[in-house]
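As structure tokens, the structure follows; a few thoughts come after it.
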Amino acid sequence: MSAIDLAESSSEGGRGFRIGPGLLITAAFIGPGTVVTASKAGAERGLGLLWAIVFACFGTIVLQSLAARLGIIGRKGLGESIRDTLSQSPLLKPAIALVISAIGIGNTAYQTGNLTGAATGVHACAGGSPESWLAIIVICTCVILLVGRYRVLHAVLVGLVAVLSVSFLCTAALSLPSVSGNAWATAIPRLSSQDLTLTLALIGTTIVPYNLFLHASSAAETWKNRPISESVIQSDWDTTGSVCLGGLITASILVTASTAFFDTQAQLTSVDDISLQLKPTLGEASAIAFAIGLFAAGLTSSITAPMATAYAVCGCLGCSVDPSSARFRSIAIGVVAIGGSVALGFGKSPSATIVFAQLTNGLLLPIVALFLLVATAPRRDSRTTSLDRLRVHSARLVVAAVALLGLWRIAVLFH
């Protein structure tokens, strides 16, 4: 089921409030990357990087709402908007090449983490060779994308991820009274060069570049027959509520990791250890429940990421974004194949592989977000121009902050 399908299904009904694609965006970033990165942050830094989740959620709300407004006002996706905005500029081809490169590299990295997470989950449940399970999942994902009929499967997988998310929320609520004073002391916002990798990874796993493309297209479809001013208001509520829910889930994962590992001075040495965070709520069933949830999160994201890549690339190139077209499917399958190959070759440490994938996208995010700002800048036909201006300025600050963090991380690497 494509993002457009989800948007269409959510828009069925009367003239009242419409549930938009906000929950789709939240489901897209609650994957193996979020679970593993937030767990490592909590285990290694306590509550010290909780501020990064708050910042990432603010950035997600600002950028995703801009993407949604662009879709609602222009009735088209972000890729098409970028192409139209630069159609008379000599920078069109270099810009399109840069966007496609950033999305292609970033989503291939995401896909590596998604497939690794799914394989780790099924390996924990059924045993066997992780490499064999990874190959099987790659083949299954390709078949699912080629067939294109996976509405029921997608709903089941999202349901399992929701159960895992609720488990983390409940465990975090139970854990808060027992959080040590030492852990609370780390909650004061601070940033050092040692925190840069996890900080950028937390940002990269929350502000997902391909979600900007998904959101613009889905919002355009969801509110295509509604007044613009009404649609923008509904979209803002939909985006803000959904992203705050996702941020709360991410924060709960970090809090449970802080309680299970940082407070006890235990080491989080593998992805399987994350299940220990759920023991206060699920007891002995925590290991199997976490494994199933991780598999579901990985497979769901393994379907979404390549489709999002195809939407973005086809939109930028001016090609059909019909999921049944040969070019669309070949791009999606290519992302799965490359991501699977990288995971097989370099995924010996699932935890490190998944965190590196999020770091990569944190570094690439400013490139994609910059072109969102370019596409949004000339927009003056909205009745919410003042709000647009405020959001654009906020988005510029977010993009600048992430870019500076990325440059700092690169400087530390070569220091």
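The opening residue of the sequence shown carries number 1122 in the numbering used here; numbering runs sequentially from there.
Note that the Cβ used here is the ideal one computed from N, Cα and C, for glycine as well.
Determine the closest residue to residue i out of the options, with distance taken between C-alpha atoms.
i, options, result
"Leu1528", "Leu1480, Val1495, His1514", "Leu1480"
"Gly1238", "Pro1211, Ala1216, Val1157, Ala1177", "Val1157"
"Leu1335", "Ala1381, Leu1255, Gly1436", "Gly1436"
"Val1259", "Ala1490, Pro1427, Ala1340", "Pro1427"
"Gly1200", "Val1243, Ser1339, Val1277, Ala1322", "Ser1339"
"Thr1181", "Ile1413, Leu1403, Gly1367", "Gly1367"
"Ser1423", "Phe1179, Asn1228, Val1353, Ala1218", "Asn1228"
"Ile1452", "Ala1473, Phe1467, Ala1429, Gly1404", "Ala1429"
"Ala1341", "Gly1249, Cys1365, Ser1202", "Ser1202"
"Val1392", "Leu1438, Ala1473, Phe1535", "Ala1473"
"Ser1373", "Ala1294, Phe1383, Asp1384", "Ala1294"
"Ala1412", "Thr1425, Gly1404, Ile1395", "Ile1395"
"Thr1371", "Phe1289, Ala1406, Gly1249", "Phe1289"
"Leu1534", "Arg1347, Ser1314, Leu1297, Gly1249", "Ser1314"
"Arg1166", "Arg1311, Arg1347, Thr1262", "Arg1311"
"Arg1347", "Ile1459, Arg1196, His1536, Ala1532", "Arg1196"
"Leu1297", "Leu1333, Pro1211, Asp1384, Val1277", "Asp1384"
"Ile1488", "Leu1333, Thr1425, Tyr1432, Asp1443", "Leu1333"
Please state whether the Cβ-Cβ distance between residue i and residue j is less than 8 Å.
i, j, result
"Gln1355", "Gly1141", "yes"
"Pro1251", "Ala1418", "no"
"Pro1330", "Ala1223", "yes"
"Ala1490", "Ala1230", "no"
"Val1457", "Leu1187", "no"
"Thr1402", "Cys1291", "yes"
"Ile1324", "Val1175", "no"
"Ile1328", "Leu1486", "yes"
"Trp1213", "Leu1207", "According to the sequence displayed, residue 1213 carries Leu and not Trp. In this structure, Leu1207 lies closer than 8 Å to Leu1213 by Cβ."
"Gly1269", "Ser1470", "no"
"Leu1493", "Arg1517", "no"
"Phe1416", "Val1287", "no"
"Cys1421", "Val1282", "One detail in the question is off: residue 1421 reads as Thr in this sequence, not Cys. A contact, by the Cβ cut-off of 8 Å."
"Gln1185", "Ile1146", "yes"
"Cys1178", "Val1364", "yes"
"Ala1216", "Ala1337", "no"
"Phe1467", "Thr1326", "no"
"Leu1266", "Arg1510", "no"
"Ser1068", "Trp1358", "No statement about residue 1068 is possible, as the shown extent of the chain runs from 1122 to 1536 and does not include it."
With a threshold of 7 Å (Cβ to nearest heavy atom), would residue i be considered close to the ligand ADP?
i, result
"Phe1150", "Although the ligand ADP was asked about, the structure shown includes no ligands whatsoever."
Kindly list the residues whose CB is nearer than 6 Å to the CB of residue i, restricted to its own chain and excluding five residues on each side of it in sequence; keep chain order.
i, result
"Ala1378", "Ser1160, Gly1163, Ala1164, Gln1398"
"Ala1148", "Val1279"
"Ala1240", "Pro1251, Trp1254, Leu1255, Ile1258"
"Ala1381", "Leu1397, Gln1398"
"Ala1308", "Leu1168, Leu1171"
"Gly1461", "Leu1236, Val1259"
"Val1463", "Thr1233"
"Ser1507", "Legend: pLDDT at Ser1507 = 48, less than 50; position of this residue unreliable, no value from coordinates given."
Tell me which residues share the same chain as residue i and place their Cβ nearer than 8 Å to its Cβ, disregarding the 5 neighbours each side in the sequence.
i, result
"Thr1318", "Val1476, Leu1480, Arg1530"
Among residues of its own chain, excluding the 5 on either side of residue i, which ones have a beta-carbon nearer than 7 Å to its beta-carbon?
i, result
"Cys1440", "Arg1448"
"Glu1129", "With a pLDDT of 42 at Glu1129, under the threshold of 50, the modelled position of that residue is not reliable, and the figure given next carries that caveat. These residues qualify, in order along the chain: Glu1342."
"Ala1496", "Leu1191, Leu1199, Ser1202, Ile1203, Thr1206"
"Leu1321", "Leu1480, Gly1483, Leu1484, Leu1526, Gly1527, Arg1530"
"Gly1414", "Leu1281, Val1282, Val1284, Leu1285"
"Lys1400", "Ser1407"
"Cys1263", "Ile1454, Val1457"
When DSSP labels each residue in this structure, what does residue i get in the three-state scheme?
i, result
"Trp1344", "coil"
"Gly1527", "helix"
"Ala1071", "The structure shown does not extend to residue 1071, since the chain is modelled only from 1122 to 1536, so the question has no answer here."
"Arg1311", "coil"
"Ala1189", "helix"
"Gln1209", "coil"
"Asp1443", "coil"
"Arg1196", "coil"
"Arg1504", "At Arg1504, the pLDDT of 45 sits below 50, so the modelled position is not reliable and the matter cannot be decided from this model."
"Ala1109", "Any answer about residue 1109 is impossible in this case: the structure gives the chain only from 1122 up to 1536."
"Ala1498", "coil"
"Asp1384", "coil"
"Phe1535", "coil"
"Ile1224", "helix"
"Ile1217", "helix"
"Ser1422", "helix"
"Ile1395", "helix"
"Val1329", "coil"
"Gly1249", "coil"
"Ser1160", "helix"
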